[in-house]
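Visitor: Let me give you the structure first, and then I'll get to my questions.
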Ligand code: FAQ
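In our numbering, the protein residues as written are -1 to 328.
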């Protein structure tokens, strides 16, 4: 008996039931899947898609913050921001390496980003208009990233799970430096507090969109959960993020821009949680499909960086060829 490996409606391979059952049994037993292990084509494809989107997000995610390196308000702030942005670049590199273990090349993945074929997180298509945006990105965007990525440390695919451990440690430093910027602003002058509030007003809803569509619209959610790539659904993680963030905003004396936000003791199996208003899904899909305020600028900046870095790739390739020649000769 053969069943078909499906991704969406597309047949990717024919795999026997026995093979698929044995694979699922390994997953259920919490065994890590490693690069040389046999795996269903759909599992491989899902991981390549998610890890590549994640890698692209880290790299494109350097751009909004890069906008403020030369305008950071002090040397200390500039040093911390530079270190954070470099960390994000490093995360992209670990993630491209993790994707390569699945049989795709980095060149192919980068080509898909630059041609607009591959997605990256919607959040990085919003502009950074003031210094408070840098605090808000650390606090909310890195905060949302941690909420999403801590469970990925237990992802069934070994190289992805292991990469996430270091990424999460670094993200938590990023979150704290962002929150510390927000504390300085929120407890500063009236003008600084207003700047912090304005940034929060603009970044709150896009941060909630980072978790992806509602579970009912999540094309990959169910299968990824069965394969233990995802451990929580999009809506579950979004709820955890809201519950963790509301008290942080209260401490800062800032107001989350949602009139429907209210405590509900019946949520989270009676432990209580915050109900929140409707996310603008039209805006989400518009941004995901390439029509956000900064989509075109982000891709143009990546293309320019890629073209300007061509000489480095050429030099590295020439050096590697020379080393190989020398090795062969000796
Ligand atoms: N933006 O079926 P689902 C960071 C797409 S890293 C754009 O629910 P899935 C660090 C999705 O790909 C932030 N597209 O998908 C940092 C799919 O499209 P496809 C990135 C989105 O995969 C901080 C379709 O919608 N983090 O912030 C988004 O099961 C500061 C249907 O969705 C990761 O990538 C979105 N927000 O769940 C860096 C974490 N949401 O492929 C710099 C790893 C969904 O069918 C500065 N990824 N889509 O064409 C994940 O955990 C998952 O991929 C989800 C989506 C949860 C994002």
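Where is the CB? At the ideal position from N, CA and C, for every residue including glycine.
Per DSSP, what kind of secondary structure is residue 271 in: helix, strand or coil?
Guide: The answer is strand: DSSP assigns residue 271 an E or B state.
Visitor: Would you kindly report the start and end of the unbroken alpha helix (DSSP H) that includes residue 280?
Guide: Segment 279 to 286, the alpha helix (DSSP H) holding residue 280.
Visitor: Quick check: is any heavy atom of the ligand FAQ less than 7 Å from the C-beta of residue 170?
Guide: Residue 170 Cβ: outside cutoff for every heavy atom of the ligand FAQ.
Visitor: Kindly list the residues whose CB is nearer than 6 Å to the CB of residue 326, restricted to its own chain and excluding five residues on each side of it in sequence; keep chain order.
Guide: The answer is none, since no qualifying residue turns up.
Visitor: When every heavy atom of the ligand FAQ is checked, does at least one fall within less than 7 Å of the C-beta of residue 148?
Guide: It does not: the Cβ of residue 148 is nowhere closer than 7 Å to a heavy atom of the ligand FAQ.
Visitor: How should residue 189 be labelled, buried or exposed, when 16 other C-beta atoms within 10 angstroms of its C-beta is the threshold for buried?
Guide: With fewer than 16 other Cβ atoms within 10 Å, it is exposed.
Visitor: Using DSSP with H/G/I as helix, E/B as strand and the rest coil, what is residue 316?
Guide: Residue state, collapsed to three classes: helix.
Visitor: Is the region 37 to 57 close to the region 88 to 103, with three or more CB pairs under 8 Å?
Guide: These segments touch.
Visitor: CA-CA distance, residue 236 and residue 273?
Guide: So the alpha carbons of these two residues sit roughly 11 Å apart.
Visitor: The ligand FAQ heavy atoms versus the CB of residue 69: any closer than 7 Å?
Guide: Incorrect: residue 69 has no Cβ contact closer than 7 Å to the ligand FAQ.
Visitor: From the DSSP output, in three-state form, read off residue 31 for me.
Guide: Looking at residue 31 - three-state DSSP - the assignment turns out to be strand.
Visitor: Which whole runs of the alpha helix (DSSP H) in the region 70 to 103 are 4 residues long or more, in chain order?
Guide: Those alpha helix (DSSP H) runs which fall completely within the region 70 to 103 and span 4+ residues are 73 to 98.
Visitor: Over the uninterrupted beta strand (DSSP E) stretch that includes residue 261, give me the two end residues.
Guide: Taken as a continuous stretch (DSSP letters only), the beta strand (DSSP E) holding residue 261 covers 260 to 262.
Visitor: What first and last residue would you give for the alpha helix (DSSP H) that runs through residue 169?
Guide: Taken as a continuous stretch (DSSP letters only), the alpha helix (DSSP H) holding residue 169 covers 156 to 184.
Visitor: Can you tell me the Cα-Cα spacing of residue 304 and residue 297, whole angstroms?
Guide: C-alpha separation (whole angstroms): 10 Å.
Visitor: Should the region 97 to 109 be regarded as contacting the region 171 to 179, the criterion being three or more beta carbon pairs within less than 8 Å?
Guide: In short, these stretches do not touch, since the Cβ pair count stays below three.
Visitor: Leaving out five residues on either side along the sequence, give the residues of the same chain with a beta carbon under 8 Å from the beta carbon of residue 66.
Guide: If we look at residue 66 and ignore the five residues flanking it on each side, its Cβ neighbours are 79, 126, 129, 131 and 132.
Visitor: Using only the heavy atoms of the ligand FAQ, determine whether one of them is closer than 7 Å to the beta carbon of residue 214.
Guide: Because no heavy atom of the ligand FAQ lies under 7 Å away, the Cβ of residue 214 does not count as near it: no.
Visitor: Please go through the same chain and pick out, in chain order, the residues whose beta-carbon is closer than 7 Å to the beta-carbon of residue 219, but skip the five residues on each side of it.
Guide: Cβ neighbours of residue 219 beyond the five flanking positions: 213, 228, 231 and 232.
Visitor: Which runs of the alpha helix (DSSP H) at least 4 residues long sit entirely within the region 104 to 157? Give them in chain order.
Guide: Counting whole runs of 4 or more residues, the region 104 to 157 contains the alpha helix (DSSP H) stretches 104 to 112, 129 to 134 and 140 to 147.
Visitor: Closest to residue 286 by CA distance: which of 244, 258, 275 and 208 is it?
Guide: For residue 286, the nearest C-alpha among the options comes from 208.
Visitor: First and last residue of the alpha helix (DSSP H) that includes residue 296?
Guide: Here the alpha helix (DSSP H) through residue 296 covers 293 to 306.
Visitor: Assign residue 257 to one of two classes, buried (16 or more other C-beta atoms within 10 Å of its C-beta) or exposed (fewer than that).
Guide: So residue 257 counts as exposed.
Visitor: For the alpha helix (DSSP H) that contains residue 213, what are its first and last residues?
Guide: Residue 213 -> no alpha helix (DSSP H), and no H or E assigned at all.
Visitor: Taking just the CA atoms, how far does residue 16 sit from residue 1?
Guide: Unreliable placement is indicated for residue 1, whose pLDDT of 38 sits below 50; no coordinate value is reported for it.
Visitor: Assuming contact is defined by CB atoms lying nearer than 8 Å, are residue 156 and residue 31 in contact in what I supplied?
Guide: Yes, the Cβ-Cβ distance between residue 156 and residue 31 is below 8 Å.
Visitor: Pull up the distance between the alpha-carbon of residue 139 and that of residue 313, whole angstroms please.
Guide: Distance between the alpha carbons of residue 139 and residue 313: 36 Å.
Visitor: May I have the straight-line CA-CA distance separating residue 262 from residue 302, to the nearest angstrom?
Guide: The straight-line gap from Cα to Cα measures roughly 49 Å.
Visitor: Taking the alpha-carbon positions, what's the residue 170 to residue 39 distance?
Guide: One C-alpha to the other measures close to 34 Å.
Visitor: If you measure between the beta carbons of residue 194 and residue 252, is that distance less than 8 Å?
Guide: Yes.
Visitor: With residue 120 and residue 275 assumed to form a contact (beta carbons below 8 Å), what rounded beta-carbon distance in angstroms separates them?
Guide: The pair is not a contact, with the Cβ atoms about 18 Å apart (cut-off 8 Å).
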